[in-house]
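Taking it in order: structure first as structure tokens, then the write-up.
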Amino acid sequence: MNFFETLFPVLETKFNVEKDASAHWDHSVIAKASVLRDLITFLKNDESSKMEMLLDIVGIDYLGFQDYEGPRFAVEYVLKSISRPGNRVRVKVFVSEQDLEVPTISDLYPIANWQEREVYDQYGIIFTGHPDLRRILNHVEFEGHPLRKDYPAHRRQWLSTNDFLLPALEKRLESKGYKVVERSKEVLPNEDEYLTGSIQE
Amino acid sequence: MKVIAPNGDKLNLMPLNIGPSHGATHGCLRYFCALDGESIVATVGEIGYLHRGFEKMAERGTWQQVVPYTDRLNYCSAMMNNIAYCRAVENMFQLELPERTKILRVIISELSRMADHCICVAAAAQDLGSTTGFFYLFDSREMMMVIWEKLTGARLTNSYARIGGLYRDVYEGFEEDVLAVCKQAEKNLSDVHACFDRNRIFLDRTVGIGAMKPERAIQWGWTGPCLRATGVASDLRKDEPYYDYETYDWNVVTGTAGDVYDRLMVRLAEIEESIKIVRQALKRLTPGPIDIMDPRIRVPSHALAYQDIESLIGRFKSVYEGVRVPAGEYYYGFEAANGELGFTLVSDGSGKPWRVKVRPPCFTQFAAFHELVEGSMLTDSVATLSSINIIAGELDR
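The listed protein sequences derive, respectively, from chains A and B.
Positions in the first sequence are counted from 1; adding 283 to them yields the numbering used here.
Positions in the second sequence are counted from 1; adding 1 to them yields the numbering used here.
Structure below.
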């Protein structure tokens, strides 16, 4: 309880955050996207908070939410401290439908890479600066963002083939300092085959 | 594919796909490696083969209707997910549960944890070629399955917790069955240790393989046995106790090296700790109510519904409208078998959840998989994968 009461004024003066009125049972602050990276860096490294672990990144779509006025989407970062067990805080950033952009924090927490991919996949929110913003849970050919409130739950899509991971593997090799001289021909299917896949309608 | 290594060597790497349907990729996941001979140079993972839109489904029904969906998250310890979800919702109501319910939830959680760890270590043993160890562990797990069957009617995807209580009270003879499981599990554990502890093959395949540093594990968001195996004594049952875990006498198990061996041994040791907790909890179990008395939250029992009209209305309303969880947003983390199972819940005050986001513990563990296996042999990736206990149900949701 007390850690947040001491932490919040610091955040308020430094990053101009406000308390999230909807968090009745835990601690949450609302921040602007422009200060997000500084705020998360501060929360991660500063002695007063030490939020070493990023537990989750949550997307929320408020389309049609009762008595709600404001940007349509929100991205929430759930942080917790390991060195001070029990200290948790959430950081919420509102994202408008026109803008859809939030800076990435995947360089601060490696796990954010996948978690941001998930939010992108489900809500279509673009994390600027993300090294590899691809779909993660949904199929590579999937169109639309299924957790948006205006995506009908019963919609079906025809999906034909596996995610072809070779480009991702080459990217991974290059990030480790390898240089790809010749791509693997045997596993690279031709363009037509890749589009239709082995499953025929 | 031909590549130039950072040291200038020219290598001819072989891309090799493993999974999604492969005996070693438990559940349904896929990783794609670039191999230099038998050692892995780089690997990328792909998940989502078991994605069934849990979070979208949860938004369509009432709060109670999410409970059976949560069984399908970590289906090796299904009831623990129910308890985690119900506790998250109950916290939003700020409910105090009856004493008996709390103790029963502790017993069920710990038995589920034991079953989950049994499966993880058994599957790892099987992947390494030890069928004997597999059967020792599955023996005690099978006894738990029989208890689940008697308790809920289902073996695998069983749901027992309800918002504000439990599905029903335990059957007659439950305590004896649980004690018998504890006794058998202890015996099986000593057999398993006899199989593994001085087994050259097992040690060669596990010690020093797939190691993770504690700082790195924290950055990757690891929780649960995998984090504790690296030496970080982080356990929500101790750090943020719930259901009176602080009053039980037990220890947090930690490893030192964070390798495959530590991860498996931490799990085996946690089974012992869980047995301790279960034994203490059974002693505290006294007869009493299991549901809270509030028809707005917990459905009135059938017996009452047939007697008075208020209870009948209560049943109808809670089925059709769902429980009206106070509006607001909440994150709750629960120490599940695999690590911190988190629920981010957004309520608009109606009977249906606006948003249910699951934080699956093994998502973070599989995200770091490439760091564990790059540089090691292909066969070690199989041992590593089974030691981080990927349950595709919660990984892909």
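Glycine residues also receive a C-beta, built at the ideal position from the N, C-alpha and C atoms.
Keep in mind that this is a model prediction, so the values were computed, not measured.
Limits of the beta strand (DSSP E) - the one that residue i falls within
i	result
residue 335 of chain A	Taken as a continuous stretch (DSSP letters only), residue 335 of chain A belongs to no beta strand (DSSP E), as it is neither H nor E.
residue 315 of chain A	Segment: none, residue 315 of chain A is in no beta strand (DSSP E) and carries neither H nor E.
residue 331 of chain B	329–337
residue 47 of chain B	40–47
residue 396 of chain A	No beta strand (DSSP E) contains residue 396 of chain A, which is instead part of the alpha helix (DSSP H) from 395–406.
residue 354 of chain B	354–360
residue 411 of chain A	409–411
Residue from the options whose Cα sits closest to the Cα of residue i
i	options	result
residue 241 of chain B	A:304, A:330, A:364	A:364
residue 377 of chain A	A:463, A:315, A:328	A:315
residue 38 of chain B	B:25, B:389, B:249, B:379	B:379
residue 221 of chain B	B:340, B:48, B:55	B:340
residue 122 of chain B	B:111, B:113, B:134, B:277	B:134
residue 379 of chain A	A:288, A:387, A:407, A:419	A:407
residue 214 of chain B	B:180, B:250, B:264, B:197	B:264
residue 296 of chain A	A:381, A:325, A:304	A:325
residue 430 of chain A	A:401, A:288, A:443, A:458	A:401
residue 453 of chain A	A:466, A:306, A:443	A:466
residue 283 of chain B	B:61, B:13, B:228, B:109	B:109
residue 117 of chain B	B:226, B:385, B:256	B:226
residue 1 of chain B	B:168, B:132, B:186, B:363	The displayed coordinates of chain B run from 2 to 398. Any statement about residue 1 of chain B would go beyond what the structure contains.
residue 361 of chain A	A:409, A:461, A:348, A:392	A:392
residue 428 of chain A	A:405, A:448, A:336, A:416	A:405
residue 272 of chain B	B:201, B:354, B:189, B:199	B:189
residue 171 of chain B	B:323, B:32, B:291	B:291
residue 369 of chain A	B:235, B:353, B:348	B:235
residue 163 of chain B	B:250, B:302, B:277, B:249	B:302
residue 113 of chain B	B:94, B:131, B:142, B:138	B:142
residue 373 of chain A	A:384, A:462, A:410, A:303	A:303
residue 343 of chain B	B:396, B:375, B:351	B:396
Residues of its chain near residue i, where Cβ-Cβ distance is below 8 Å and the 5 sequence neighbours each way are ignored
i	result
residue 394 of chain B	28, 51, 73, 74, 75, 76
residue 285 of chain A	none
residue 19 of chain B	25, 26, 31, 32, 33, 34, 382
For residue i, the first and last residue of its enclosing alpha helix (DSSP H)
i	result
residue 70 of chain B	67–72
residue 88 of chain B	79–94
residue 465 of chain A	Looking at the DSSP string, residue 465 of chain A is not in any alpha helix (DSSP H); the run it does join, the beta strand (DSSP E), is 462–465.
residue 289 of chain A	285–298
residue 61 of chain B	55–61
residue 287 of chain B	Taken as a continuous stretch (DSSP letters only), residue 287 of chain B belongs to no alpha helix (DSSP H), as it is neither H nor E.
residue 206 of chain B	201–207
residue 455 of chain A	449–458
Cutoff 6 Å; reference residue i; Cβ partners in own chain excluding five residues on either side
i	result
residue 481 of chain A	For residue 481 of chain A, the predicted structure reports a pLDDT of 49, less than 50, and the residue's modelled location is therefore unreliable. The matter cannot be settled from this model.
residue 1 of chain B	In the structure as shown, chain B begins at 2 and stops at 398. Residue 1 of chain B is therefore absent and cannot be evaluated.
residue 343 of chain A	357
residue 381 of chain B	210
residue 371 of chain B	44
residue 383 of chain B	25, 128
residue 285 of chain B	104
residue 299 of chain B	165, 166, 292, 293
Exposure of residue i, with buried meaning 16 or more beta-carbon neighbours within 10 Å
i	result
residue 204 of chain B	exposed
residue 159 of chain B	buried
residue 441 of chain A	exposed
residue 403 of chain A	buried
residue 483 of chain A	Confidence in residue 483 of chain A is poor, its pLDDT being 45 and thus under 50, which makes the residue's placement unreliable; the coordinate value appears in the next sentence. Per the 10 Å Cβ criterion, exposed.
residue 289 of chain A	exposed
residue 362 of chain B	buried
residue 294 of chain B	exposed
residue 252 of chain B	exposed
residue 147 of chain B	exposed
residue 125 of chain B	buried
residue 289 of chain B	exposed
residue 11 of chain B	exposed
residue 421 of chain A	buried
residue 65 of chain B	buried
Contact set for residue i: own chain, Cβ-Cβ below 7 Å, skip 5 residues either direction
i	result
residue 518 of chain A	With chain A covering 284 to 484 only, the question about residue 518 of chain A has no answer from this structure.
residue 58 of chain B	70
residue 423 of chain A	446
residue 433 of chain A	346
residue 197 of chain B	134, 203
residue 111 of chain B	275, 278, 279
residue 13 of chain B	3
* **Touching by the beta-carbon criterion (3+ pairs, under 8 Å), the segment 233–249 of chain B and the segment 100–118 of chain B** => yes
* **Cβ contact check for the segment 188–196 of chain B and the segment 213–233 of chain B: 3 or more pairs under 8 Å** => no
* Asked: Does the segment 361–373 of chain B touch the segment 384–392 of chain B, meaning 3 or more C-beta pairs lie closer than 8 Å?
  -> yes
* Cβ contact (3+ pairs, closer than 8 Å) linking the segment 308–318 of chain B and the segment 178–185 of chain B -> no
* Asked: Should the segment 327–335 of chain B be regarded as contacting the segment 78–98 of chain B, the criterion being three or more beta carbon pairs within less than 8 Å?
  -> yes
* **Stretch-stretch touch, CB-based, cutoff 8 Å, three pairs: the segment 248–267 of chain B with the segment 228–239 of chain B** => yes
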